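A.B. asks: Numbering (our numbering), first residue to last: 738 to 1410. Pasting in a structure now, in structure tokens, and then I'll have a few things to ask.
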């Protein structure tokens, strides 16, 4: 029952608020409805629907007065009272005071309201006041307060930012004054920090709180600054004014009706509008805002976001990007991930804007650590590294130092990192033929280089002495100094890329196959091409595995059969063996049969020889000696062959008898059976 009554009372209160607003807009006689609507709007205990209705009614009332020029400040009302318009002046002063109260209430709703719907309504109302309070002119006084509240907000500013991005940042005047206000706010904050630093304070808690507030200020300023869209390249090149404005200039007829003062105000506002619409002014405001922001003490998360954004969305739109050199060189000297992220922007300043940074390559050389293979921005780093080493004017010792440093890293790199390193070394060797001596260096060359370093007379050294020197400790010793940070002192040009040869036996097939690309003569540029590092910088275990799984393998036969076998082994594979119930003729019986056959054959041969001799004696004695010799020879050959077969059979039988004594159980049974 109480719920129904409460719901009915809320509905009645909403209807009453709507009626008050409707009467206020229809007749001046209901102007006293404005205080009642202001009371409803300012009371946070009231429901959101009546407050939103009161906000819309009051906005329509005051905006209509502003556009008609009937709402002026208190000073002008006093001047009107002196001119004899006292009742009208009092009315305007009263309305102006209610308008001031309305502005304060709306601003409080923007900064303190927890209900997002009411906050959005209040922000829309505030931007309407920015446009209409000074007809034909952008009221930056009100907009400055909004920017200040945004960057100083302790909580989340997502709702405000999203509405500004979606609805208002597309207007050039809003963007221009946002840049200008941010520069002013940041400059004030920096001056305040300088005063705090010079003052002696013993309250550590206060210092911590100020640091936290500064970090919150920096984060909010970055979110607001990075949300602003920049001018397109076509707009920057054309130089034409951008006329998409949030404020609209007054018509000439309205200016004539409002008198000379209004004409002067319109003419002055026209000159002011030239700033937001000029692309040069836009770029100038953009540059000043970013340069002021980069002087702040940034928290680490914001610092990384800024470094990741500078080369893509800041440097191309600045008037003079070389002004970022101090910030970028300091970031590059930090080391680790910060240096890797600063490399992109610093490389653009060096190659595109003439920045001289003598220690650039030594700092880049120091970034080549094993941890780079697991860094978040490793893909971009390897691509930039390849671009930095692309110039043919680099000295040989510098190219050799990077090739050798990469080769040493490959010994502990994952397979994906090894592939990138091979591609980088391939490009270095192809671009700089003077360092191809690293591919192969024999011991005599190494001995000569070592002797020269030691100050010896190389011309008088013989080959044997060179060999002796190599044996004494130079053979296999790498002159490269891996712990030297100076590329000119690491002796890379006197070494060799023996690390690459170890990859031929790498456990990953993709690496061992890819290293074969270095076997070609890279000095012949017509027969080779540079490798695109972007094709390999994103390689990972997953990509290597998917590539290996997707490879099309050749079908190679492991064995060949005329007929398809039905069993694992054929019967003739184990001749003389017994398995299970299979009956196989014993080997001894076979041997005895062979021996008896040999004896019988021998006796048959002897009997035939005797009969042949008797028959020969009855024949004529005139047989020549050649026939006798041939018969004797044939008979002797037969006898020799028989004796040899008897000897072999006997020796085989004796060996089997002697060996059978030590045979295991199953073979003993086979031997006896």
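Virtual Cβ for every residue (Gly too), placed ideally from N, Cα, C. Remember, predicted model here, so these are calculated numbers, not experimental data.
#1: Would you grab the beta carbon distance between residue 1415 and residue 1234 for me? Rounded to a whole angstrom, and I think it's under 8 Å.
#2: Would residue 911 be called buried (16 or more neighbouring beta carbons within 10 Å of its own) or exposed?
#3: How many Å lie between residue 842 and residue 807 at the Cα?
#4: Taking the Cβ atom as the reference point for each residue, do residue 1121 and residue 1139 lie within a distance shorter than 8 Å?
#5: Determine the contact status of residue 870 and residue 876, defining contact as a CB-CB distance below 8 Å.
#6: Return the residue from the list 1215, 1243, 1244, 1283 that minimises the CA-CA distance to residue 1231.
#7: Can you list, in chain order, the residues of its chain whose CB lies under 7 Å from that of residue 1248, leaving out five sequence neighbours each side?
#8: Specify whether the region 1161-1169 and the region 1289-1305 touch according to this definition: at least 3 beta carbon pairs, one from each stretch, less than 8 Å apart.
#9: Over the uninterrupted alpha helix (DSSP H) stretch that includes residue 1089, give me the two end residues.
#10: Going along the chain, which residues of its own chain have a beta-carbon closer than 7 Å to the beta-carbon of residue 984, five neighbours each way excluded?
#11: Measuring alpha carbon to alpha carbon, tell me which residue in 1032, 1267, 831, 1080 is nearest residue 1045.
#12: Exposed or buried, what is residue 966 when buried is set at 16 or more other beta-carbons lying within 10 Å of its beta-carbon?
#13: Relative to the C-alpha of residue 890, which candidate in 858, 1172, 956, 900 has its C-alpha closest?
#14: Should the region 1024-1036 be regarded as contacting the region 911-926, the criterion being three or more beta carbon pairs within less than 8 Å?
#15: Indicate whether residue 963 and residue 1116 have their beta-carbon atoms separated by less than 8 Å.
#16: Cβ atoms of residue 1224 and residue 1102: under 8 Å apart, would you say?
#17: Would residue 761 and residue 768 qualify as a contact pair, given that the criterion is a beta-carbon distance under 8 Å?
#18: Which runs of the beta strand (DSSP E) fall wholly inside the region 1101-1125 and span at least 3 residues, in chain order?
#19: Apart from the five residues just before and just after residue 803, which ones in its own chain have a Cβ nearer than 6 Å to its Cβ?
#20: Please classify residue 1424 as buried or exposed, where buried requires at least 16 neighbouring CB atoms within 10 angstroms.
#21: Three-state secondary structure (DSSP) at residue 694?
#22: If we call anything under 8 Å between Cβ atoms a contact, is residue 951 one with residue 1034?
#23: Using a Cβ-Cβ cutoff of less than 8 Å, which residues in the same chain neighbour residue 981 once the five nearest sequence positions on both sides are dropped?
#24: Give me the Cα-Cα distance between residue 1284 and residue 1270, rounded to the nearest whole angstrom.
#25: Given this structure, state the Cα-to-Cα distance separating residue 831 from residue 786, to the nearest angstrom.
#26: Quick check on DSSP: helix, strand or coil for residue 1227?
#27: Label residue 924 either buried or exposed according to how many other C-beta atoms from any shown protein chain fall within 10 Å of its C-beta, with 16 as the threshold for buried.
#28: I'd like to check one pair, residue 777 with residue 763: are the Cβ atoms closer than 8 Å?
#29: Could you name the residues of the same chain whose beta carbon sits closer than 8 Å to that of residue 1245, not counting the 5 residues immediately before and after it, in chain order?
#30: Please report the distance separating the alpha-carbon of residue 1417 from that of residue 1170.
#31: Quick one: grab the DSSP three-state call for residue 1134.
#32: According to the Cβ coordinates, are residue 959 and residue 1064 closer than 8 Å?
#33: Could you check the C-alpha separation between residue 1092 and residue 1290 for me, to the nearest Å?
#34: Count the other C-beta atoms from every protein chain shown that fall within 10 angstroms of the C-beta of residue 1013, then say buried if there are 16 or more, exposed otherwise.
#35: Would you say residue 1090 faces chain C, with C-beta separation under 8 Å as the test?
#36: Just checking my contact of residue 1086 with residue 1058 at CB under 8 Å: how many whole Å lie between their CB atoms?
C.D. replies: Reading from the atomic positions:
#1: No answer is possible for residue 1415: the residues shown for the chain start at 738 and end at 1410.
#2: buried
#3: 22 Å
#4: no
#5: yes
#6: 1215
#7: 1152, 1155, 1156, 1240
#8: no
#9: 1074-1089
#10: 868, 873, 874, 875, 910
#11: 1080
#12: exposed
#13: 956
#14: yes
#15: no
#16: yes
#17: yes
#18: none
#19: 869, 870
#20: Outside the displayed range of the chain (738 to 1410) lies residue 1424, so it cannot be described from this structure.
#21: Because the chain is modelled from 738 through 1410, residue 694 falls outside the range shown and cannot be assessed.
#22: yes
#23: 907, 908, 909
#24: 18 Å
#25: 27 Å
#26: coil
#27: exposed
#28: no
#29: 1152, 1155, 1281
#30: Here the chain has residues from 738 to 1410 only, and residue 1417 is not among them.
#31: helix
#32: no
#33: 53 Å
#34: buried
#35: Considering every chain present, this structure includes no chain C. It has just one protein chain.
#36: 6 Å
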